[in-house]
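Protein chains in written order, with the numbering used here: chain A, 218 to 478; chain B, 218 to 478. Every residue, glycine too, gets a C-beta built ideally from N, C-alpha and C. Quick notes on the structure that follows.
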């Protein structure tokens with residue numbers, strides 16, 4: 218099975234991308250809703266949570282792991298003892314590659330949680346591919362609660378998006394990375410406010426395509442994976458709000474299993 | 218020692234009230250910053266967290282416990298096996314009593330997190346004192362992140378406060394309970410938007426006064442408590458943001474101890 222985890226609900230946008238691009242592959246998802254959000258917590262705490270989540274997915278039989286949370290990915294990538302014996306993917310690396318390919322004027326913007334932006338991981342990874350690219354980052358801590366409240370079309374949300382994007386707009390970025398799995402849900406407003414000419418990089422599709430290419434190149438890994446189109450969702454806390462938003466993201470009825478942590 | 222706990226940072230407004238009203242009493246505080254916020258989590262998860270926090274404070278030598286988190290208090294009050302052998306206080310009961318005393322037209326408003334408002338605890342407790350009072354409630358889930366981001370004077374915050382309070386304003390409430398320890402930090406905007414004639418009930422001062430009266434009436438409990446003016450703060454996650462906001466609330470330098478949970 219393909220194992221995907223996130224701090225909560227945002228990672229379901231990654232599940233949606235996998236269901237489009239790797240249709241029929243069995244997926245097991247874990248959302249850490251009892252400890253969500255990760256984006257304003259320390260590196261040390263987020264690393265511990267990420268490792269616990271991976272261990273849970275391995276225990277449940279995952280043969281490939283996708284870290285669908287940018288905050289968790291930002292600490293896992295930089296962790297010294299990060300050695301698992303199975304293929305591991307995350308949302309940052311493929312989004313970085315796409316953004317470097319897309320940028321014509323070498324001016325890339327990144328938005329994410331406070332923890333992701335503070336880690337500087339996007340800037341480091343972009344500069345590893347091309348040191349001449351200018352990277353401008355902005356943390357947008359209120360966008361996660363706004364998405365979780367489903368305040369998607371309210372004027373306050375538009376004002377807050379505009380305020381967060383302003384420093385990137387004045388830098389005349391030509392490419393913008395959505396460095397948090399919640400942000401694709403606000404893609405339309407973000408695109409309108411940053412300007413229609415700016416390329417928007419959505420990491421959920423990027424990672425699904427990366428895994429698709431990996432499986433083509435590694436048929437022995439592909440053969441191990443079940444393809445019955447099953448989706449199993451575990452969460453550490455069950456709330457009505459999660460169930461409602463999950464249905465909205467996946468456009469289908471889902472059942473959740475509770476994991477006490 | 219007096220033990221006080223909260224889901225994170227908001228409970229420091231209660232610490233501040235104790236430092237004013239019970240000056241010199243030793244306080245031990247626990248902020249569950251690794252799992253914050255509680256307000257959008259389920260009853261079952263919040264109850265487990267609250268019990269773990271109480272056990273930690275007891276283990277550290279607390280002889281009185283104050284639940285400084287409305288969400289935690291709302292589930293603890295209604296929990297079936299809630300029997301600790303020491304005096305326990307929380308922020309809901311004294312605020313309810315004050316609001317019933319203050320209301321002239323028997324129209325009380327309550328604002329809080331989604332979990333607190335869904336629990337219906339304020340309405341139940343108010344009706345136990347006076348069944349003829351009309352209670353109008355509104356959950357305000359975005360106010361906690363706005364306070365934690367220190368967006369205290371931004372126009373977006375004012376708009377959101379106004380939107381949340383609108384249904385209470387049209388009901389012509391004469392008294393408003395701030396049913397979340399974060400809200401006293403937004404007291405001025407809230408007062409302006411709900412109307413200056415409305416009495417605002419701040420539960421942090423209410424519970425500190427209740428404990429003061431209890432200690433006067435129970436000198437044997439009072440004698441047990443240390444009075445060296447010490448404040449010890451434990452958190453389950455250490456972040457710069459917490460340290461900054463803590464200093465702003467308490468108006469003094471503080472040091473934090475980390476508790477891994």
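- Put simply, of A:304, A:383, A:224 and A:456 the residue whose alpha carbon is nearest the alpha carbon of residue 430 of chain A is A:304.
- Chain-ordered listing is empty here: chain B has no CB closer than 9 Å to the CB of residue 305 of chain A, the nearest sitting near 24 Å.
- Residue 448 of chain A carries a strand assignment under DSSP once its states are collapsed to helix, strand and coil.
- Closer than 7 Å at the C-beta level to chain A, one finds these residues of the segment 238-267 of chain B: 251, 252, 257, 258, 259 and 262.
- Within 7 Å of the CB of residue 376 of chain B, the CB atoms of chain A belong to 373, in sequence order along the chain.
- Less than 9 Å divides the Cβ of residue 312 of chain A from the Cβ of residue 418 of chain A.
- Look at residue 464 of chain A: its C-beta is not under 9 Å from any C-beta on chain B.
- Taking the C-beta atoms as reference points, residue 218 of chain A is found nearer than 9 Å to residue 442 of chain A.
- Looking at the backbone, the Cα of residue 276 of chain A and that of residue 270 of chain A are separated by about 10 Å.
- Approximately 6 Å separates the beta-carbon atoms of residue 400 of chain A and residue 360 of chain A; this is inside 8 Å, confirming the contact.
- Shown here, residue 355 of chain B sits in a strand according to DSSP, grouped into three states.
- If you check each beta-carbon in the segment 439-461 of chain B against every beta-carbon of chain A, the ones closer than 7 Å belong to 454, 455, 456 and 458.
- When the beta-carbon positions are compared, residue 373 of chain A and residue 373 of chain B come within less than 9 Å of each other.
- Residue 246 of chain A is bridged by DSSP to A:221 and A:450.
- Contact with chain A is found for residue 380 of chain B, since one of that chain's Cβ atoms lies less than 9 Å from the residue's Cβ.
- Within chain B, 358 and 359 have C-beta atoms less than 7 Å from the C-beta of residue 366 of chain A, given in sequence order.
- Not one beta carbon of chain B lies nearer than 9 Å to the beta carbon of residue 388 of chain A.
- Using a Cβ-Cβ cut-off of 7 Å, residue 384 of chain B is close to nothing in chain A; its nearest Cβ partner there is about 16 Å away.
- Between residue 339 of chain B and the set B:321, B:322 and B:307, the nearest pair of CA atoms involves B:307.
- Residue 246 of chain B and residue 282 of chain B have their alpha carbons spaced roughly 10 Å apart.
- When Cβ pairs closer than 8 Å are counted between the two stretches, the segment 349-369 of chain B is seen to touch the segment 246-266 of chain B, the count reaching three or more.
- Runs of the alpha helix (DSSP H) lying entirely within the segment 301-380 of chain B, each at least 4 residues long, are 309-319, 331-336, 338-346 and 360-365 in chain order.
- Bounds of the alpha helix (DSSP H) holding residue 230 of chain A are 229-238.
- When only Cα atoms are considered, residue 336 of chain A and residue 444 of chain A end up about 36 Å apart.
- When C-beta atoms of the segment 449-465 of chain B are compared with those of the segment 343-357 of chain B, fewer than three pairs fall below 8 Å, so the two segments do not count as touching.
- Here residue 287 of chain B is buried, its C-beta having at least 16 other C-beta atoms within 10 Å.
- In the structure shown, residue 272 of chain A adopts helical secondary structure according to DSSP, grouped into three states.
- From the beta-carbon of residue 297 of chain B, no residue of chain A is found nearer than 8 Å; the closest lies around 19 Å away.
- A direct Cα-Cα distance of roughly 8 Å separates residue 227 of chain A from residue 397 of chain A.
- Residue burial is scored here from C-beta neighbours: residue 241 of chain B has fewer than 16 other C-beta atoms within 10 angstroms and is therefore classed as exposed.
- Taken through DSSP and simplified to helix, strand or coil, residue 439 of chain B comes out as helix.
- Look at residue 403 of chain A: its C-beta is not under 9 Å from any C-beta on chain B.
- At least one C-beta of chain A is nearer than 9 Å to the C-beta of residue 362 of chain B.
- At least one C-beta of chain A is nearer than 9 Å to the C-beta of residue 331 of chain B.
- Sequence-distant partners of residue 466 of chain B (beyond 5 residues in either direction) whose C-beta falls short of 7 Å from its own C-beta, in its chain, are 229, 230 and 233.
- Look at residue 476 of chain A here: in three-state DSSP terms it is coil, with no helix or strand label.
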